[in-house]
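*Asks:*
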Amino acid sequence: MNYGILILTFFTVVIVAVLGNLLIGKQELSWFEQLKRPKFFNASIKLFLIVGILYYMIVGIILYRALDATNTFVVVLSIVILVLNELWNIAFFKPKSTFNGFMGIVIYLVPCIILFTALLRFDNLSAFLFFLYVLWVLYDLYWTYGLWKLNKSRKK
Numbered sequence: 004m005n006y007g008i009l010i011l012t013f014f015t016v017v018i019v020a021v022l023g024n025l026l027i028g029k030q031e032l033s034w035f036e037q038l039k040r041p042k043f044f045n046a047s048i049k050l051f052l053i054v055g056i057l058y059y060m061i062v063g064i065i066l067y068r069a070l071d072a073t074n075t076f077v078v079v080l081s082i083v084i085l086v087l088n089e090l091w092n093i094a095f096f097k098p099k100s101t102f103n104g105f106m107g108i109v110i111y112l113v114p115c116i117i118l119f120t121a122l123l124r125f126d127n128l129s130a131f132l133f134f135l136y137v138l139w140v141l142y143d144l145y146w147t148y149g150l151w152k153l154n155k156s157r158k159k
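In our numbering, the protein residues as written are 4 to 159.
(1) Could you give the first and the last residue of the continuous alpha helix (DSSP H) run that contains R68?
(2) Comparing alpha-carbon positions, which option in V78, L141, T73, V109 lies nearest L66?
(3) Pull up the distance between the alpha-carbon of L112 and that of N5, whole angstroms please.
(4) Inspect the CB distances between the stretch 43–63 and the stretch 98–116 and report whether three or more fall short of 8 Å.
(5) What does a CB cutoff of less than 6 Å around T147 pick up in its chain, not counting 5 residues either side in sequence?
(6) Going by the beta-carbon positions, is the gap between I61 and Y136 smaller than 8 Å?
(7) Among K99, L138, S33, T15, which one has its Cα closest to the Cα of I1?
(8) Could you tell me the boundaries of the alpha helix (DSSP H) in which D143 lies?
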């Protein structure tokens, strides 16, 4: 195990996560809790937090393995995914926009699919772990579409 890369990976993931989440306050979380949700799955903020923690762990594993193997393409894509995920949080929560949430997932899927394709050629474990996350993102696409449709006329 390369401890230098492990420390770099840990701090990269933590710094991006903390910076992104610092911008989301209690008011935005309260808005989210009050939204009408699709009946097929009434996800609470707690579930999203659990998935978020798992997501950061998965991207951390991918980033560590890519840095250790000096796979620059996967490293860059992993960091892009981390940053875009935080930008999605800001685009969804700050303006309190379910439309932004849905469109953000549509856009976010593109680099996710590119990263998954790259991982298939790079590392089976990373590809498998990221595939699980991509399944969540596909579900999230469906869910945010429903969220947007149910809350179209809702004022901030």
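For glycine and all other residues, C-beta sits at the position ideal for the given N, C-alpha and C.
*Replies:* With the given structure in hand:
(1) Mapped onto the sequence shown, residue 68 falls at position 65. Run containing R68: 48–71, per the alpha helix (DSSP H) assignment.
(2) Along the sequence shown, one-based indexing puts residue 66 at 63. When only C-alpha atoms are compared, the closest one is V78.
(3) For the purposes of this step, residue 112 is identified with residue 109 of the sequence shown, where counting begins at 1. For the purposes of this step, residue 5 is identified with residue 2 of the sequence shown, where counting begins at 1. Roughly 31 Å between the two C-alpha positions.
(4) Counting C-beta pairs closer than 8 Å gives fewer than three between the stretch 43–63 and the stretch 98–116, which falls short of the contact rule.
(5) Within the sequence shown, the letter at position 144 stands for residue 147. The answer, listed in chain order, is G104, F105, I108.
(6) The residue labelled residue 61 in the question sits at position 58 within the sequence shown. The residue labelled residue 136 in the question sits at position 133 within the sequence shown. It is a contact, given that the beta carbons lie within the stated cut-off.
(7) Past the boundaries of the shown model lies residue 1; the chain is included only from 4 to 159, so the question cannot be answered.
(8) For this step, residue 143 is matched to residue 140 along the sequence shown. Its alpha helix (DSSP H) spans residues 127–153.
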